[in-house]
Amino acid sequence: MGQSPPETPPFGDGRLAPLRRRAAFRAPAVALLALTIAVTGCHHLKPLDTAPLDQAGMSYDAIQQLKKLNVTAPEISEIVHASQAGLPESDCIEILRIYRSRGQAFNAGAAVAGLAQAGLREDTILDLTRLNQLGVGWGELQAMRLAGFSDAIILEVARHHAQGKPVLGGASLARMKNVGMTEATLLKLARHGVPDTRAGAILSARHHGASDAQILRRFTGS
31 MGQSPPETPP
41 FGDGRLAPLR
51 RRAAFRAPAV
61 ALLALTIAVT
71 GCHHLKPLDT
81 APLDQAGMSY
91 DAIQQLKKLN
101 VTAPEISEIV
111 HASQAGLPES
121 DCIEILRIYR
131 SRGQAFNAGA
141 AVAGLAQAGL
151 REDTILDLTR
161 LNQLGVGWGE
171 LQAMRLAGFS
181 DAIILEVARH
191 HAQGKPVLGG
201 ASLARMKNVG
211 MTEATLLKLA
221 RHGVPDTRAG
231 AILSARHHGA
241 SDAQILRRFT
251 GS
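Just so we're aligned: 214 in the numbering used here is position 184 of the sequence shown, and the numbers increase by one with no gaps anywhere.
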């Protein structure tokens, strides 16, 4: 009798073993991916909570306009802050539109509220928004308003800041106002871009009896 051929390991025990091991390693990764997709999908499907806008007194139409601008949850909080300070809903929408035109998220609710509470006109706040002056320097503008300066001079200072041009600072303007210089004079100094480094010389001239007209001639040539 001939010898029997050597036994061949069963197909499942030989060739399938590496496949089974790879499948075992792959299973947790597949499960994790599925879980991630599920969580992400739930996040995107979660409706935006606009109840705070409604509670702040905003109309249905205004809320829909904000939605069309893709308002986010953090921005809703900022808008509520501005609205509660008395800014009309139409201005809140316009401010968000301005920020969208720059590709920015609206995060200046405190600035808008602070300026509104200080007494700046609504159109002035919109102008400051267009000038992109609701950032870290808004506190100076608020202080100027609280010191009694008009919207006109505040906007002039803001325009110079926006353009990166020199201008007298709010504190210097306040000191000049305290020594009797009129706002009309201070506005002209600001419009001419007199730098803050000249504030000491202007105050010195005033203390030595220089009139507003003399100061304007000396420091602006007008």
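No residue lacks a Cβ here, since even glycine has one placed at the ideal position from N, Cα and C.
Exercise. Taking C-beta to C-beta, are Glu105 and Ala146 nearer than 8 Å?
Worked result: Glu105 places its beta carbon 8 Å or farther from that of Ala146.
For this session: Express the C-alpha separation of Pro82 and Ala188 in angstroms, rounding to a whole number.
Result: Distance between the alpha carbons of Ala188 and Pro82 is about 32 Å.
Exercise. Taking 8 Å as the CB-CB cut-off, is Ala135 touching chain B?
Worked result: Judged by its chain identifiers, the structure shown contains no chain B, having just a single protein chain.
For this session: Would you be able to state if there are at least three C-beta pairs under 8 Å between the segment 196–215 and the segment 153–168?
Result: At 8 Å Cβ cutoff, the stretches do not touch.
Exercise. How long is the line joining the alpha carbons of Glu152 and Asp121, rounded to whole angstroms?
Worked result: So the two alpha carbons sit approximately 8 Å from each other.
Problem set entry | Cut-off 8 Å between Cβ atoms - residues of its own chain near His111, not counting five sequence neighbours on either side | Residues of the same chain with a CB within less than 8 Å of the CB of His111, apart from the 5 flanking positions on each side, are Gly139, Ala140, Val142, Ala143 in chain order.
For this session: Report the three-state DSSP secondary structure of Thr215 (helix, strand or coil).
Result: In the structure shown, the three-state DSSP call for Thr215 is helix.
Exercise. Can the beta-carbon of Gly192 be found closer than 8 Å to that of Leu161?
Worked result: With the sequence shown as reference, residue 192 is identified as Ala, and Gly is not the correct amino acid for it. Contact flag set, yes.
Exercise. So is Val209 buried or exposed if we call it buried at 16+ other beta carbons inside 10 Å?
Worked result: With fewer than 16 other Cβ atoms from the protein chains shown falling within 10 Å of its own Cβ, Val209 counts as exposed.
Exercise. What's the gap between the Cα of Thr212 and the Cα of Glu108?
Worked result: Put simply, the backbone Cα of Thr212 is about 37 Å away from that of Glu108.
Exercise. Run through DSSP, which three-state label would His222 get?
Worked result: Here DSSP, grouped into helix, strand and coil, assigns His222 to coil.
Problem set entry | Proximity of Ile123 and Leu156 at Cβ, strictly below 8 Å | Contact: no.
Problem set entry | Nearest to Thr215 (by Cα), restricted to the options Ala231, Gly116, Thr250 | Of the listed residues, the one whose Cα sits closest to Thr215 is Thr250.
Exercise. Under three-state DSSP, which class holds Gln134?
Worked result: Here Gln134 sits in coil by DSSP.
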